[in-house]
Amino acid sequence: MAVLKELLAGIEYECIRGTEDTEVTDLIYDSRKVVPGSVFICIPGAITDGHVYAAEAVRAGAKALVVERETELPPEAEATVVRVEDARYAMAFMSAAFFGHPAEEMKIIGITGTKGKTTTTYLVKSILEQTGRKVGLIGTIEIIIGEEHIHADHTTPESYLIQKYFRQMADAGCDTVVMEVSSQGLMLHRTQGFIFDFGIFTNLEPDHIGQGEHKDFDDYLHCKSLLFRQCRVGIVNHDDEHWEAVTQGHTCTLETYGIDSRADLRAENISFLREAGNLGMGFDVKGLVEFSVRIAAPGKFSVYNALTAIAICRHFHVEEAAVRQALSKAKVKGRIELVKVSDEFTLMIDYAHNAMALKSLLTTLRAYEPHRLVCLFGCGGNRAKSRRYEMGEVSGTLADLTIITSDNPRREEPQAIIDDIKEGIGRTEGKYVEICDRKEAIAYAIAHGEPGDIIVLAGKGHEDYQEINGVKYPMDERVLIREILESKAD
Numbered sequence: 005m006a007v008l009k010e011l012l013a014g015i016e017y018e019c020i021r022g023t024e025d026t027e028v029t030d031l032i033y034d035s036r037k038v039v040p041g042s043v044f045i046c047i048p049g050a051i052t053d054g055h056v057y058a059a060e061a062v063r064a065g066a067k068a069l070v071v072e073r074e075t076e077l078p079p080e081a082e083a084t085v086v087r088v089e090d091a092r093y094a095m096a097f098m099s100a101a102f103f104g105h106p107a108e109e110m111k112i113i114g115i116t117g118t119k120g121k122t123t124t125t126y127l128v129k130s131i132l133e134q135t136g137r138k139v140g141l142i143g144t145i146e147i148i149i150g151e152e153h154i155h156a157d158h159t160t161p162e163s164y165l166i167q168k169y170f171r172q173m174a175d176a177g178c179d180t181v182v183m184e185v186s187s188q189g190l191m192l193h194r195t196q197g198f199i200f201d202f203g204i205f206t207n208l209e210p211d212h213i214g215q216g217e218h219k220d221f222d223d224y225l226h227c228k229s230l231l232f233r234q235c236r237v238g239i240v241n242h243d244d245e246h247w248e249a250v251t252q253g254h255t256c257t258l259e260t261y262g263i264d265s266r267a268d269l270r271a272e273n274i275s276f277l278r279e280a281g282n283l284g285m286g287f288d289v290k291g292l293v294e295f296s297v298r299i300a301a302p303g304k305f306s307v308y309n310a311l312t313a314i315a316i317c318r319h320f321h322v323e324e325a326a327v328r329q330a331l332s333k334a335k336v337k338g339r340i341e342l343v344k345v346s347d348e349f350t351l352m353i354d355y356a357h358n359a360m361a362l363k364s365l366l367t368t369l370r371a372y373e374p375h376r377l378v379c380l381f382g383c384g385g386n387r388a389k390s391r392r393y394e395m396g397e398v399s400g401t402l403a404d405l406t407i408i409t410s411d412n413p414r415r416e417e418p419q420a421i422i423d424d425i426k427e428g429i430g431r432t433e434g435k436y437v438e439i440c441d442r443k444e445a446i447a448y449a450i451a452h453g454e455p456g457d458i459i460v461l462a463g464k465g466h467e468d469y470q471e472i473n474g475v476k477y478p479m480d481e482r483v484l485i486r487e488i489l490e491s492k493a494d
């Protein structure tokens, strides 16, 4: 139980009906989940508006409403009504108060950027746990609380869920939380109600622009910049051309990292490592700390991810040996995830599911001078056809062989999607084969791997399902690979 007035502390509001001394049992923002004694927060959404369900919420037992505008209620209703300027903003602060401000009991690390958020959160978690810290994680793939892994629906959950997870993490003994902070999460005030101890910016590229997301690139950049008005220490990628714009108006202390000699923390003497089917990177860390590292992930972007993690963990006084050990072993599910199938060639799984990500990945792998670069991918159904043409063209241009297969066809015919991809490849001189069944396609890639090849299974990444006609069937590429290898051994 909580007193409504206490939950509203620090928020500008007007009580237009009833009393603020009302005791409430929970905060609810989905009218279907209203329970007796709860506060229903009327959130205007992209599809529906919570104000429409205010009367229904009161009939279901809500004792209080938080609204942005006049709302009709049944004549007999006795609920307290509080008006605020922004219901989402109010919900964030009310949620923090409801759960007892758990962020104040832990160190909170927030990572924003177009790319690198997921990988970096896992790297930071791995390094800090080497030192004995207990680290909770909130990200695109999952929420981790101790031994519990919860499937994530959004990169950055609603503010109520963030505070709920924070409370569970604090109660489970976590002393640190590392989380991905999306531009949508910042725009929708999901991360209000607390201060990040560390805010990190990785990079910025045009993405998430369109209906229901950001109206243009300037809006996207502005939302990213909000993190640096809500953290104590900002750590930013000096090599990204937008870093100064992103930190304009910041209220935190700032430090930079990068390859550029002007960065506070730098990677120098970068080398590409390849041995026994594995790919990695080596570099010297210079500036704020100095030592050498090897990382178990390929490409220059892996150097940036590792450098970001080092820049964060420096503030936790992690010993160099712990950093080196964690980076040499770190693996993030579905993010340039190397899966050992042979000493002769390299196989990896990656989430690259649009043309920009696929181009970045394949260009990176070209630096290892493979005998052949083989790219296996499909495209999701009921999504923009342009993505299929673009990915087909990218793979046809950069890969020596493309294996076109199925991804999540959803409610489309897999062959129709494959035909669209072929149209994109047709704009190039790239070679391809088409194998609709994804397991058969992976088996073909492994069976035809040649010494020195790099084979990429792109698009599914961390996903462990395939969606067909509205049904999600279990399908994990790691399991498929294991089954294929076992059948070869029999």
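Every position in the sequence shown, counted from 1, becomes a number in the numbering used here once 4 is added. Built from N, CA and C at the ideal position, the CB exists for glycine as well. Computed from a predicted structure; not experimentally measured.
| query | result |
| --- | --- |
| For a quick check, are the C-beta atoms of C440 and S410 less than 9 Å apart? | yes |
| Can you say whether H193 is buried or exposed, counting buried as having 16 or more other CB atoms within 10 angstroms of its CB? | buried |
| Could you spell out the range, first to last residue, of the alpha helix (DSSP H) harbouring K228? | 221-229 |
| With the cut-off set at 9 Å, would you say H254 and L208 are in Cβ contact? | no |
| Taking I485 as the reference, which of P374, L351, A388, M191 has the closest Cα? | L351 |
| Cβ of A403 versus every heavy atom of the ligand MN: is any distance shorter than 8 Å? | No copy of the ligand MN occurs in the structure displayed, which carries no ligand at all. |
| Rounding to the nearest angstrom, what Cα-Cα distance links S187 and C227 in this structure? | 5 Å |
| Can you list, in chain order, the residues of its chain with a C-beta nearer than 7 Å to that of T432? Leave out the 5 residues immediately preceding and following it. | E397, G400, T401 |
| Would I263 and T180 qualify as a contact pair, given that the criterion is a beta-carbon distance under 9 Å? | no |
| Measuring CB atoms only, is the segment 368-386 touching the segment 449-465, in the sense that at least three cross pairs come out at less than 8 Å? | yes |
| Quick check for students: name the residue ranges of the alpha helix (DSSP H) that lie wholly in the segment 278-317, counting only runs of 4 or more. | 304-317 |
| Within the segment 107-156, note down every full alpha helix (DSSP H) run reaching 4 residues or more, in order along the chain. | 121-134 |
| If we count the other Cβ atoms within 10 Å of its Cβ and call it buried at 16 or more, is I353 buried or exposed? | buried |
| Starting from the C-beta of A301, find all residues in its chain whose C-beta is less than 6 Å away, skip the five residues before and the five after it, and write them out in chain order. | I340 |
| What's the gap between the Cα of F221 and the Cα of A83? | 42 Å |
| So, are the CB atoms of A59 and A81 less than 9 Å apart? | yes |
| Measuring straight from C-alpha to C-alpha, what distance separates I213 and M360? | Interpretation of I213 is limited by its pLDDT of 48, a score under 50 that renders its predicted location unreliable; the figure taken from the coordinates is listed afterwards. Going by the C-alpha atoms only, they are around 14 Å apart. |
| Thinking just about the alpha-carbon of each residue, which of N273, I450, P413, L366 is nearest to the one in A388? | P413 |
| Going straight from the alpha carbon of Y372 to that of E417, what length do you get? | 36 Å |
| Alpha carbon to alpha carbon, how far is E16 from Q134? Give it in angstroms, no decimals. | 44 Å |
| Here's the rule: buried if 16 or more other CB atoms are within 10 angstroms of the residue's CB, otherwise exposed. What is I131? | buried |
| Along the chain, where does the alpha helix (DSSP H) that runs through M360 open and close? | 359-370 |
| Assuming contact is defined by CB atoms lying nearer than 9 Å, are K443 and L405 in contact in what I supplied? | no |
| Under DSSP, the beta strand (DSSP E) around V460 begins and ends at which residues? | 458-462 |
| Ignoring anything shorter than 4 residues or poking outside the segment 382-435, list the alpha helix (DSSP H) runs there in chain order. | 389-402, 418-429 |
| Give me, in chain order, the residues of the same chain whose beta-carbon lies closer than 6 Å to that of R270; leave out the 5 immediate sequence neighbours on both sides. | K290, G291 |
| If you reduce the DSSP assignment to three classes, tell me which class I32 lands in. | strand |
| If we count Cβ pairs, one from each stretch, closer than 8 Å, do we get three or more for the segment 61-75 versus the segment 37-53? | yes |
| Give the DSSP-derived three-state secondary structure of K333 in the structure shown. | helix |
| If you compare alpha carbons, which of M173, Y57, R482 is closest to I147? | M173 |
| Near S99, what residues of its chain come up, given a Cβ to Cβ distance below 8 Å and the 5 sequence neighbours on each side ignored? | L31, S163, Y164, I166, Q167, K168, G197 |
| Between the C-alpha atoms of V102 and Y308, what's the straight-line distance to the nearest angstrom? | For the record, residue 102 in the displayed sequence is Phe; it is not Val. Roughly 38 Å separates the two Cα atoms. |
| Keeping to the same chain, check which residues put their C-beta closer than 6 Å to that of Y448; ignore five residues upstream and five downstream. | I439 |
| Does Y261 come out as helix, strand or coil in the three-state DSSP assignment? | strand |
| Can you say whether D424 is buried or exposed, counting buried as having 16 or more other CB atoms within 10 angstroms of its CB? | buried |
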